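Counting in my numbering, the sequence shown runs from -11 upward without gaps. The beta-carbon is built from N, C-alpha and C at its ideal position, and this holds for glycine as well. Keep in mind the model is a prediction, meaning the values are calculated, not measured.
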Amino acid sequence: MITGCGAVSPLGVGVRALWDGLLAGRTAIAPIAGFPADDLVPRSAAEVRHVARTDPDRAGAFALAAATEALADAALETRTLDARRVGVALGTTLGGMQLFERWMAGGEPLPAGMEAIPYYGPAVRLARTLGCRGPVATAQLACASGTHAIALAADWVRAGRADVVLAGGTDLLCRFVVSGFNCLKATADVARPFDAARRGLVLGEGAALVLVE
């Protein structure tokens, strides 16, 4: 069962900020500010502006903040649990690509170990920071990644591989990601999925995690 949840979204940090923003009909779609986007069409997206841009692994930072809220929501602390029975199942599409972007541009070196792998880095960071020593996995199935990660967590608990699993999804916006969707001609300036004149999707970033027991 799910006993806690946490979120980081363009509407704010925390489940309450996300829920209140949705109920109020607020939008977080705005001109991209996190990287040069003058040559992209459109130039708008939903960015998280409440988490420091100085963190080289924003997807990992989003996941950590959401996981911390989920643990608090469930009134649990990982240090009070058997670390070998606490797992992490995290879905992402291109979660750690920001690190590679900076490295390819001649910036800071890549981290050592598994955290240097773009798709696996956020899950490893989450497990190491919170001291989770149970099973750790990344699900990479495009838009279904986070949902698949939650299903994987439920399987682990059901099979007795873990007692508690932090599960969900995290992704970030970076030039590589937005450029890819631009090449697919899949982006639009307005999200209108039920309109006959819809033209595509509006990209966003953030994380949502639940605690599965």
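Roughly how many angstroms separate the alpha carbons of residue i and residue j, rounded to a whole number?
| i | j | result |
| --- | --- | --- |
| Val74 | Val152 | 5 Å |
| Gly9 | Val3 | 10 Å |
| Pro30 | Leu52 | 30 Å |
| Val222 | Arg146 | No statement about residue 222 is possible, as the shown extent of the chain runs from -11 to 201 and does not include it. |
| Glu201 | Leu140 | 12 Å |
| Ile138 | Gly79 | 9 Å |
| Arg149 | Tyr107 | 23 Å |
| Asp26 | Ala93 | 18 Å |
| Trp144 | Glu65 | 20 Å |
| Cys171 | Ala12 | 33 Å |
| Ala60 | Leu118 | 13 Å |
On the premise that residue j lies in contact with residue i, defined as a C-beta separation below 8 Å, what is that separation, rounded to the nearest angstrom?
| i | j | result |
| --- | --- | --- |
| Ala77 | Ala115 | At roughly 10 Å, the Cβ-Cβ gap does not stay under 8 Å, so Ala77 and Ala115 are not in contact. |
| Gly134 | Gly48 | That belief does not hold up - the Cβ atoms of Gly134 and Gly48 are roughly 15 Å apart, past 8 Å. |
| Leu189 | Thr175 | 6 Å |
| Met85 | Val165 | 6 Å |
| Gly168 | Ala195 | About 20 Å separates the two Cβ atoms, so there is no contact after all. |
| Gly122 | Arg72 | 6 Å |
| Glu89 | Arg163 | 6 Å |
The alpha helix (DSSP H) with residue i in it runs from where to where?
| i | result |
| --- | --- |
| Pro110 | Gly109 to Leu118 |
| Ile138 | Ser133 to Ala147 |
| Thr56 | Arg46 to Asp61 |
| Gly84 | Unbroken run through Gly84: none, as it is neither H nor E. |
| Arg163 | Arg163 to Cys171 |
Span of the beta strand (DSSP E) holding residue i?
| i | result |
| --- | --- |
| Val200 | Gly194 to Val200 |
| Cys(-7) | Ile(-10) to Ser(-3) |
| Asp70 | Careful: Asp70 lies outside any beta strand (DSSP E) and carries neither H nor E. |
| Leu154 | Val152 to Asp159 |
Using CA atoms only, rank isn't needed, just tell me which of the options is closest to residue i.
| i | options | result |
| --- | --- | --- |
| Ser32 | Val39, His38, Phe23 and Ala40 | Phe23 |
| Ala62 | Ala142, Gly(-6), Trp144 and Arg113 | Gly(-6) |
| Ile(-10) | Ser167, Leu6, Ala58 and Val178 | Ala58 |
| Leu82 | Ile17, Ala54 and Cys131 | Cys131 |
| Phe50 | Arg180, Asp26 and Arg113 | Arg113 |
| Thr68 | His136, Cys120, Trp144 and Thr158 | Cys120 |
| Leu(-1) | Gly94, Val200 and Gly192 | Gly192 |
| Thr15 | Asp27, Ala34 and Ala25 | Ala34 |
| Val(-4) | Gly94, Ile20, Leu118 and Thr56 | Thr56 |
| Val178 | Phe169, Ala18 and Ala25 | Ala18 |
Kindly identify the DSSP beta-bridge partner or partners of residue i.
| i | result |
| --- | --- |
| Ile17 | Ala34 |
| Gly0 | Ser(-3) |
| Val202 | Residue 202 cannot be examined here, being either before or after the span of the chain that is shown, -11 to 201. |
Please tell me whether residue i has its Cβ less than 8 Å away from any Cβ of chain B.
| i | result |
| --- | --- |
| Val(-4) | Although the question refers to chain B, the structure presented lacks it and comprises just one protein chain. |
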